[in-house]
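Here the working numbering is used: the first residue of the sequence shown is 92, the next is one more, and so on. Written out below as structure tokens is the structure these notes cover.
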Amino acid sequence: MPELGKINDLEEQFFYKENQKMAEKYRAMQQMKETKQALAAVSGINDDLVLEKLIAMNLRPETLASISLVPLIEIAWADGDVDQKEKDAILSAVSKFGWTSDSLSYELLDQWLKNKPSESLLTAWKHYVDAVCHKMTNEEVIHFKKEIMAHVTVVAEAAGGFLGIGKTSAEEQNMITQLESTFCNK
């Protein structure tokens, strides 16, 4: 029969290892929570299903910020110029993401609002979103698309039409269709 001291040592080792495992799980959960909050902050995406998938794909907050921002810029420039109301809508959106005027992301946004980006930006965005979507389930794609396109609609409707009629121009509607078609349907 084993000595009582050895049994206690064995118990202590077992519980020490179990405590270590629990501590590691806790740290991993905490890190995921912080990453999820960072991704939500830079992108405006709040859907847990989408955020968890993006974390699993090791998507960095800076990358997600760009993914969220490009459609806003494209819809603002769709009719040839950026209306002040569209600019205000975009700046309002990014302020909710926690961006400040002294950040690199904000400076890039400011440049894109002043000077229309080349078509290669939209092309790169489409390729990237397509690649991301192919790693998602149909349900995740639907949620991802909904989150991104919600901000696009706000910007598109910001300028409004004549007396608020026809809130989106034909060019903006074409861009919306183009952006929506980028999200793959499996």
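Every residue, glycine too, gets a C-beta built ideally from N, C-alpha and C.
How many angstroms separate the CA atom of residue i from the CA atom of residue j?
i, j, result
"Gln175", "Pro162", "17 angstroms"
"Ser159", "Asn229", "19 angstroms"
"Ala169", "Asp138", "27 angstroms"
"Gln128", "Pro152", "10 angstroms"
"Ser194", "Ala132", "14 angstroms"
"Lys207", "His234", "29 angstroms"
"Thr126", "Asn265", "34 angstroms"
"Leu82", "Trp216", "Missing from the structure shown is residue 82; the chain here goes from 92 to 277 and no further."
"Glu231", "Cys275", "11 angstroms"
"Tyr197", "Ala184", "12 angstroms"
Taking its Cβ as the centre, do 16 or more other Cβ atoms sit within 10 Å of residue i, making it buried, or is it exposed?
i, result
"Gly135", "buried"
"Ser157", "buried"
"His218", "exposed"
Contact defined as beta carbons within less than 8 angstroms: I believe residue i pairs with residue j. What is the distance between those atoms, to the nearest angstrom?
i, j, result
"Leu204", "Lys178", "6 angstroms"
"Asp221", "Thr273", "6 angstroms"
Would you say residue i touches the ligand ZN, meaning its beta carbon is less than 7 angstroms from a heavy atom?
i, result
"Thr268", "The ligand ZN is absent from the structure shown, which contains no ligand whatsoever."
Per the contact definition of three or more C-beta pairs closer than 8 angstroms, is the stretch 232-248 in contact with the stretch 163-173? yes
Three or more C-beta pairs below 8 angstroms linking the stretch 212-229 and the stretch 139-158: yes
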